[in-house]
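Comments concern the structure below.
Numbering (my numbering), first residue to last: 109 to 196.
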């Protein structure tokens, strides 16, 4: 798993309702609904979220701070976008 993805924690998600980040050209955006613990995650490349034409999204329910499903999806997305990247 990419170390940047493995390091994701509830801290990033609780700071603001919308959190964005990147690993090189791989970009991601999280939108957290605090009252329901629902998280929409989006991945894309090259452009900002609003302009990207390769946005893929998934929804997760975050219970007890468990981000394992989100991290697995994010890691799979990274290697989908960059299949020749070295596996960490």
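Cβ coordinates follow ideal geometry from the N, Cα and C atoms, glycine included.
| Among 158, 145 and 162, nearest to residue 152 - alpha-carbon criterion | Comparing Cα positions, the closest option is 162.
| Terminal residues of the continuous beta strand (DSSP E) containing residue 116? | Careful: residue 116 lies outside any beta strand (DSSP E) and carries neither H nor E.
| With which residues is residue 126 paired in a DSSP beta bridge? | Its beta-bridge partners are 139.
| Which of the three DSSP states, helix, strand or coil, is assigned to residue 147? | strand
| request: Please go through the same chain and pick out, in chain order, the residues whose beta-carbon is closer than 6 Å to the beta-carbon of residue 125, but skip the five residues on each side of it. | output: 140
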